[in-house]
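Single-structure report; data block below.
Residue numbers (our numbering): 50 to 241.
Take a look at the structure:
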């Protein structure tokens, strides 16, 4: 993340500072991950930025602590829709958007209850892929893509998802950890 401006780095640092303070009251991330937050959270989220077309409208499912959606809003601008059904996590996101000045809108709602369309749908640690695709499809604009950060069980999740879904799949190695994978999915449709 050395190639970002000092202002952007400061905004990301404000996000992390707020996360550390709120983490004491509500569980936003695994406590052990705060030992290396720049790699585990910021870099993990930031690696999606080059994959997002300029001017794309973004929806982030299960935004929680703001990863990857809030980081992407800080790095590349908006519009970014942060979708979080947990009211406490949504309150954190509202405060994080305010503190960082990120061009993002927080939706304290379930994804299936929203009427919005995005060119790109992102998610990290939200749900198994099969379920995630069901949440993403109604939000996805025609020709849109999904960018999902997944872990060691990605192939198992893909096998289960392919029973109910058609999609093009591009796997990218994660820049933040050896077991991580970035899934770039297009052409999403129900199978059969």
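Where is the CB? At the ideal position from N, CA and C, for every residue including glycine.
Excluding the 5 residues preceding and the 5 following residue 224 in the sequence, name in chain order all residues of the same chain whose CB lies nearer than 7 Å to its CB.
92, 96.
In the DSSP assignment, find the unbroken beta strand (DSSP E) run with residue 213 in it and report its ends.
Annotation for residue 213: no beta strand (DSSP E) segment contains it, and DSSP assigns it neither H nor E.
Say whether the stretch 160 to 176 touches the stretch 116 to 130, bearing in mind that this needs 3 or more beta-carbon pairs closer than 8 Å, one atom from each stretch.
The stretch 160 to 176 makes contact with the stretch 116 to 130; the number of CB pairs closer than 8 Å reaches 3 or more.
Quick check on the burial criterion: 16 or more other C-beta atoms within 10 angstroms. Buried or exposed for residue 123?
By the C-beta density criterion, residue 123 is buried, having at least 16 other C-beta atoms within 10 angstroms.
Buried or exposed: residue 60, going by 16 or more other Cβ atoms within 10 Å of its Cβ?
That one is buried.
Neighbour-count burial assignment, residue 149, 16 or more Cβ in a 10 Å radius:
Buried, since its Cβ has 16 or more Cβ neighbours within 10 Å.
For the stretch 151 to 158 and the stretch 130 to 141, state whether three or more C-beta atom pairs, one from each stretch, are separated by less than 8 Å.
These segments touch.
In its own chain, which residues sit with a C-beta less than 7 Å from the C-beta of residue 71, not counting the 5 before and 5 after it?
Setting aside the 5 residues that flank it on each side, residue 71 is surrounded in the same chain by 77, 141, each with a C-beta closer than 7 Å to its C-beta; the list follows chain order.
Any idea what DSSP makes of residue 197, helix, strand or coil?
Strand, per DSSP.
The stretch 203 to 212 touching the stretch 176 to 184, judged by at least three CB pairs closer than 8 Å
Yes, they touch.
Could you have a look at residue 179 and say whether DSSP puts it in helix, strand or coil?
Judged by DSSP in its simplified three-state form, residue 179 adopts helix.
Cβ neighbour criterion (16 or more within 10 Å) applied to residue 108:
Burial call: buried.
Mapping the DSSP letters down to three states, classify residue 162 as helix, strand or coil.
When secondary structure is reduced to three states using DSSP, residue 162 falls in the helix class.
Leaving out the 5 sequence neighbours to the left and right, which residues in its chain are closer than 7 Å to residue 190 when beta-carbon positions are compared?
For residue 190, where only same-chain residues beyond five positions count, the Cβ hits under 7 Å are 166, 167, 168.
Rounded C-alpha distance that separates residue 201 from residue 221
Distance from the CA atom of residue 201 to the CA atom of residue 221, rounded to whole angstroms, is 13 Å.
Which residues bound the alpha helix (DSSP H) around residue 56?
Annotation: the continuous alpha helix (DSSP H) that includes residue 56 extends over 55 to 72.
Proximity winner among 63, 187, 237, relative to residue 87 (alpha-carbon distances)
Ranking 63, 187, 237 by Cα distance to residue 87 puts 63 first.
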